[in-house]
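Take the sequence shown: its letter number 112 is residue 139 in the numbering used here, and every next letter is one higher.
Structure, as structure tokens:
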Amino acid sequence: MANINLLPWREAQRRERNRTTMIAAFALWAAAALMVLLGKAFMDGRIEHQENRNIFLQTEINALSTVIAEIENLKEKRDALLARMQVIQTLQANRSQIVHVFDDLVTKLPKGVYYDSITKLSGMLVIEGKAQSNGRVSALMRNLDSSDWFDNTSLKVVDVIDDNGALVSKFNVEVKEERQSATDDVENIR
């Protein structure tokens, strides 16, 4: 037995082990490559799915943005219409007041007093005119104070001037318009 040569058998066994190791390493490498490819394909699918969701969300956001812009536009139109309606309602409520104001300006005018101009400035009437005397200007102011449509009559300027050879008092009176409610307006008509 001392003469038996085991070297070829060991060499064959070593070659078989190397071959098995190489096959196992190749199989492991192939499995790892397959896992990487499958992982990449899975992640690419997830990324594509998320990108599709993002595109859908962006489309919906854009659609909602146009709807919001349209709603804002409608709100602006509504506010403008409400403002116009408010102006119209105010005018409707006060439309008879101007008639009463002009009527009182005429009926409260004493003899010998003449209006040159009447200007309305933010609820105040500025009356400029001429009177035969200062007493007639005072009578005009008392008459305007007694009116339901005027309040806070104040004399701003009174000057005696020569008007075609006659001395007259040129005056400037401010009087506040008194707002009447609709029920007061109906009672004043009766």
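Ideal Cβ positions, reconstructed from N, Cα and C, are used throughout, including at glycine.
For clarity, every value in this text was computed on a predicted model and none was experimentally measured.
{"Check": "Considering just the uninterrupted stretch of the beta strand (DSSP E) at D189, what are its terminal residues?", "Outcome": "177 to 190"}
{"Check": "The alpha helix (DSSP H) spanning N81 covers which residue range?", "Outcome": "34 to 134"}
{"Check": "Identify whether T210 lies in helix, strand or coil by the three-state DSSP scheme.", "Outcome": "Note that T210 scores a pLDDT of 49, beneath 50, so its modelled location is shaky and nothing firm can be said."}
{"Check": "Excluding sequence positions up to five away, which residues of its chain have a Cβ less than 6 Å from the Cβ of D172?", "Outcome": "T180"}
{"Check": "Check whether the segment 98 to 108 and the segment 117 to 137 are in contact - that is, three or more C-beta pairs closer than 8 Å.", "Outcome": "no"}
{"Check": "What is the rounded straight-line gap between the Cα of R163 and the Cα of E201?", "Outcome": "16 Å"}
{"Check": "Could you give the first and the last residue of the continuous beta strand (DSSP E) run that contains G162?", "Outcome": "Counting along the chain, G162 falls outside any beta strand (DSSP E), though it belongs to the alpha helix (DSSP H) covering 161 to 173."}
{"Check": "Closer than 6 Å by C-beta to Y141: which residues in its own chain qualify, once you throw out the five before and the five after it? Chain order, please.", "Outcome": "G156, K157"}
{"Check": "Are the Cβ atoms of V185 and F198 separated by less than 8 Å?", "Outcome": "yes"}
{"Check": "Taking all protein chains shown into account, do 16 or more other C-beta atoms lie within 10 angstroms of the C-beta of K104, making it buried, or fewer, making it exposed?", "Outcome": "exposed"}
{"Check": "Would you mind sorting V213 into buried or exposed? The rule is 16 or more other CB atoms within 10 Å of its CB.", "Outcome": "With a pLDDT of 48 at V213, under the threshold of 50, the predicted position of this residue should be treated as unreliable, though the coordinate-derived value follows. Label assigned to V213: exposed."}
{"Check": "Taking the alpha carbon of M151 as the reference point, which residue from T117, L55, I82, L182 has its own alpha carbon closest?", "Outcome": "L182"}
{"Check": "Rounded to whole angstroms, what is the Cα-Cα separation between V219 and L194?", "Outcome": "Nothing about residue 219 can be read from this structure; the chain reaches only from 28 to 217."}
{"Check": "Check K203 in the structure and name its three-state DSSP category.", "Outcome": "strand"}
{"Check": "Assign K138 to one of two classes, buried (16 or more other C-beta atoms within 10 Å of its C-beta) or exposed (fewer than that).", "Outcome": "exposed"}
{"Check": "Give a yes or no on whether the C-beta atoms belonging to K135 and S174 are separated by under 8 Å.", "Outcome": "yes"}
{"Check": "My output table needs one value for G156: the three-state DSSP class, helix, strand or coil.", "Outcome": "strand"}
{"Check": "At the level of alpha carbons, what is the spacing between A51 and A58?", "Outcome": "10 Å"}
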